[in-house]
Amino acid sequence: MNSAVFALFLAGLVAVEACSSAGSSSTTTTTAAAGRKRRHADAAEVILHSKVPVAQSQQLIQKLKNTAASLNLDAERFGKVEQEVGSDESGNAQIYHTLDGNVDCAELRLITKKVLSQVDEVPKASITCQGQKFRV
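Numbering of the sequence shown is given in this note's numbering, commencing with residue 546 and proceeding in unit increments.
This is the structure we're talking about:
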């Protein structure tokens, strides 16, 4: 269940970024060391664990954005979202989303789960929200 929650959170972050205007979200794409996580006080974090190499991460991000848009997900409710691309020990892309706004954890899990059900390249996600950890 924890992986399901994380996937929902990540999908929520992707949805927020896909649906928000260019000025309302910040996107930073860098390659981070394996296992690196960005931390912000009171921020929610979604990590999408993909099955694709880091070199194909931009195509995966675009697919996630398109999926979020096709599901009519409203990104405005999550506030500012930062995105970073890292890799796991196998060299597969991990996409980190950090939300600075006040987030409804249940809603974040649900949205992440919806997006992941449509994107086979991302079988699971990890979500940290209000001090709790979930997997989708």
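Note that the Cβ used here is the ideal one computed from N, Cα and C, for glycine as well.
Handout entry: Alpha-carbon spacing of T673 relative to L644, whole angstroms
Key = 10 Å
Problem - T612 to I640 span [Cα, whole Å] - result: 15 Å
Problem - L616 beta carbon less than 8 Å from that of K659 - result: yes
Problem - Residues bridged to T643 [DSSP beta-bridge criterion] - result: E590, E627
Problem - Span of the beta strand (DSSP E) around S671 - result: 669-674
Exercise for the section: Helix, strand or coil for V597, going by three-state DSSP, please let me know. Expected result: strand
Practice task
Spell out the partners DSSP gives K678 in its beta bridges.
Solution key: T673
Handout entry: Nearest neighbour of I656, chosen from E634, V681, V630 [CA to CA]
Key = V681
Exercise for the section: Measure the beta-carbon distance from V626 to H642 and round it to whole angstroms, keeping in mind my assumption that it falls under 8 Å. Expected result: 6 Å
Handout entry: C-alpha gap between L593 and L618, whole angstroms
Key = 17 Å
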